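Enquirer: Pasting a structure below so you can have a look.
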Amino acid sequence: MPLFQSAELIAGLKEVEEHLQQALRSREALLEQVTSQLVLSGGKRIRPALTLLGASFGTRQDPAVTKIAAASELLHTATLVHDDIIDHSPLRRGQPTVQATYGNEIAVFTGDWLLTKAMLLLAEANAGQHMTELAKTMIHICEGEVSQFASRYQRVSIYNYLRRIHGKTAALFSLSIAAGAEQTQAPTRTIRALSRYGIFFGMAFQIYDDMLDYMADRSQLGKPVGVDIRSGIYTLPLLYALEDKEAAAGLEPLLSSTCSPQQALAILQLVSRTDGLKRSQQLVQRYVDKARQAIAPLPETAAKAELLALTERLFSC
């Protein structure tokens, strides 16, 4: 089943693709080649879709919304490029990463260039009010990433894990949907409700994504299985599993900076025998329920129906 059903939304996303193609043009052929392969080769376009859906709740139409939506996708992609540098990731969506193909230097410039292009799109859309929110979101993302990096190979608390993903993932979902609503002058209460939906949706999204490392194979993940574990990034299923004393006795000797692919596979198997995945899935469902409750007071529109359906299509809880 397609992720998005609304004909209006699909048409809006086509405009977003046109803005992306235009934004990625560069006098530097290598930069255009790298970013075009990166941005136009796939991706669910969830963040731009949220911007367009948020705009549907406004009191006026604004053609600049599709540029703002494109900016959210470029910002997201910039963070992925920098993520891959930090994690030394060889693959992203089943394709070689920028840093694996061209080296860290080109990858750093590529991420910076994409972020700058996102800001340029907002300027072209006369969306100066969103610049502040974008800057705040980038602060949250950077703080979340630094927190994750600083706690590598450490058993962090559930609270710290949730705080981390709030910054590195949920903040951008919240910005994306709220920016669309603000641009079309939606009521303040509506913007707040949509922003809360974005936070809860983003929390569910990241936890579910972290679960996939324990449930999917390499072809489904688009990256090597167990890469987070070997990088010292301990996510919710593992953190829950470590609360089981018997499981922890088998897991803790394997958790180190020298973790081999075979040891990572053993960790995945040990976690799958605990209730770590079940509890993670339950938390995903709680955040999904909160997202749905956040927009419950909003009018019954096609956009609201799409937001509710999106939680069902993405998270198989």
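One gets our numbering by counting positions in the sequence shown from 1 and adding 204 to each. Glycine residues also receive a C-beta, built at the ideal position from the N, C-alpha and C atoms. If you're wondering where the values come from, they're calculated on a predicted model, not measured in any experiment.
Can you look up residue 503 in the DSSP assignment and give me helix, strand or coil?
Expert: For the purposes of this step, residue 503 is taken as residue 299 along the sequence shown, with counting starting at 1. Residue state, collapsed to three classes: coil.
Enquirer: Only counting runs of 4 or more residues, tell me where the alpha helix (DSSP H) segments fall wholly within the region 385 to 421, in order along the chain.
Expert: List check, alpha helix (DSSP H) in window: 392 to 419.
Enquirer: Beta-carbon within less than 6 angstroms of residue 220's beta-carbon, same chain only, minus the 5 sequence neighbours each way: which residues are those?
Expert: In the sequence shown, residue 220 corresponds to position 16, counting from 1. Around residue 220: 252, 270, 273, 274.
Enquirer: Output the distance between the C-alpha atoms of residue 404 and residue 483, rounded to the nearest integer angstrom.
Expert: The sequence position of residue 404 within the sequence shown is 200, counting from 1. The sequence position of residue 483 within the sequence shown is 279, counting from 1. Using only the alpha carbons, I get a separation of about 17 angstroms.
Enquirer: With which residues is residue 300 paired in a DSSP beta bridge?
Expert: Looking up residue 300 in the sequence shown gives position 96. Bridge partners of residue 300: 295.
Enquirer: Compute the distance between the beta-carbons of residue 390 and residue 263, then report whether it is under 8 angstroms.
Expert: Locating residue 390 in the sequence shown gives position 186, where the first residue counts as 1. Locating residue 263 in the sequence shown gives position 59, where the first residue counts as 1. Cβ distance < 8 angstroms, so residue 390 and residue 263 count as in contact.
Enquirer: Can you name, in chain order, every residue of its own chain whose Cβ lies under 6 angstroms from the Cβ of residue 504, other than the five neighbours on each side?
Expert: As a first step, residue 504 must be located in the sequence shown, where it is residue number 300. Around residue 504: no qualifying Cβ.
Enquirer: From residue 450 to residue 231, what does the alpha carbon distance come to, in whole angstroms?
Expert: As a working note, residue 450 is residue 246 in the sequence shown. As a working note, residue 231 is residue 27 in the sequence shown. C-alpha separation (whole angstroms): 59 angstroms.
Enquirer: With three or more C-beta pairs closer than 8 angstroms as the rule, is the region 364 to 374 touching the region 399 to 413?
Expert: Yes: the two stretches touch, three or more of their Cβ pairs being nearer than 8 angstroms.
Enquirer: For residue 282, which residues from the same chain have a beta carbon less than 6 angstroms from its beta carbon, with the 5 sequence-adjacent residues on both sides left out?
Expert: In the sequence shown, the residue the question calls residue 282 occupies position 78. The answer, listed in chain order, is 315, 318, 319.
Enquirer: Can you tell which of 233, 225, 234, 259 has the C-alpha that lies nearest to the C-alpha of residue 245?
Expert: What you label residue 245 is simply residue 41 of the sequence shown in a count that begins at 1. Residue 245 has its Cα closest to that of 225, out of 233, 225, 234, 259.
Enquirer: Between residue 477 and the rest of its own chain, which residues show a CB-CB distance below 8 angstroms, the 5 nearest in sequence each way excluded?
Expert: As a first step, residue 477 is located in the sequence shown; it is residue number 273 there, counting from the start. Counting only Cβ-Cβ distances below 8 angstroms, and skipping sequence neighbours, we find 451.
Enquirer: Consult DSSP for residue 307 and reduce its assignment to one of helix, strand or coil.
Expert: For this step, residue 307 is matched to residue 103 along the sequence shown. Coil.
Enquirer: On the DSSP letters alone, give me the boundaries of the alpha helix (DSSP H) that residue 341 sits inside.
Expert: In the sequence shown, the residue the question calls residue 341 occupies position 137. 333 to 354 is the span of the alpha helix (DSSP H), which, as asked, contains residue 341.
Enquirer: Does DSSP put residue 517 in a helix, a strand or coil?
Expert: Working through the sequence shown from its first residue, we reach residue 517 at position 313. In the structure shown, residue 517 sits in a helix (DSSP, three-state: H, G or I).
Enquirer: Is there contact here, the region 433 to 451 with the region 498 to 515, by at least three beta-carbon pairs under 8 angstroms?
Expert: Flag = no, the region 433 to 451 and the region 498 to 515 do not touch.
Enquirer: Excluding the 5 residues preceding and the 5 following residue 261 in the sequence, name in chain order all residues of the same chain whose CB lies nearer than 6 angstroms to its CB.
Expert: By 1-based counting over the sequence shown, the position of residue 261 is 57. For residue 261, where only same-chain residues beyond five positions count, the Cβ hits under 6 angstroms are 385, 390, 394.
Enquirer: Exposed or buried, which one is residue 211 when buried takes at least 16 other CB atoms within 10 Å?
Expert: The residue you call residue 211 lines up with position 7 of the sequence shown. Residue 211 should be labelled exposed.
Enquirer: Starting from residue 245 and walking both ways along the alpha helix (DSSP H), at which residues does that stretch end?
Expert: As a working mapping, residue 245 is identified with position 41 in the sequence shown. First-last for residue 245: undefined, no H or E at that position.
Enquirer: When you compare only the Cα positions, how much space is there between residue 308 and residue 302?
Expert: Here residue 308 refers to the residue found at position 104 when the sequence shown is read from its first residue. Here residue 302 refers to the residue found at position 98 when the sequence shown is read from its first residue. Spanning the two alpha carbons is a distance of roughly 8 angstroms.
Enquirer: What would DSSP say about residue 276, mapped onto helix, strand or coil?
Expert: Reading the sequence shown from its first residue, position 72 is the one you call residue 276. Correct three-state label for residue 276: helix.
Enquirer: Looking only at its chain, what residues have a beta carbon closer than 7 angstroms to the beta carbon of residue 519, apart from the 5 residues adjacent to it on each side?
Expert: Position 315 of the sequence shown, counted from the start, is the residue given in the question as residue 519. Cβ within range, chain order: 408, 412, 488, 492.
Enquirer: How would you call residue 517, buried or exposed, if buried means at least 16 neighbouring beta carbons within 10 angstroms?
Expert: To locate residue 517, count along the sequence shown from 1; it is residue 313. That one is exposed.
Enquirer: Jot down the residue ranges of each uninterrupted alpha helix (DSSP H) in the region 211 to 266, minimum 4 residues, whole runs only, in chain order.
Expert: List check, alpha helix (DSSP H) in window: 211 to 227, 233 to 244, 250 to 259.
Enquirer: Which class does residue 441 belong to by DSSP, given the choice of helix, strand or coil?
Expert: Translated into positions along the sequence shown, residue 441 becomes position 237. Residue 441 falls in the helix class under three-state DSSP.
Enquirer: Taking the alpha carbon of residue 340 as the reference point, which residue from 313, 383, 356 has its own alpha carbon closest?
Expert: On the sequence shown, position 136 is the one that residue 340 refers to. Selected option, being the one with the closest Cα: 383.
Enquirer: Buried or exposed for residue 335, please, with buried defined as at least 16 other CB atoms from any protein chain shown within 10 angstroms of its CB.
Expert: Counting from one through the sequence shown, the residue named residue 335 turns up at place 131. Classification of residue 335: exposed, given that the 10 Å Cβ count is below 16.
Enquirer: For the alpha helix (DSSP H) that residue 450 lies in, which residues bound it at each end?
Expert: In the sequence shown, the residue the question calls residue 450 occupies position 246. Taken as a continuous stretch (DSSP letters only), the alpha helix (DSSP H) holding residue 450 covers 449 to 455.
Enquirer: Please classify residue 181 as buried or exposed, where buried requires at least 16 neighbouring CB atoms within 10 angstroms.
Expert: The chain is shown only over 205 to 521; residue 181 falls outside these bounds and no answer can be derived.
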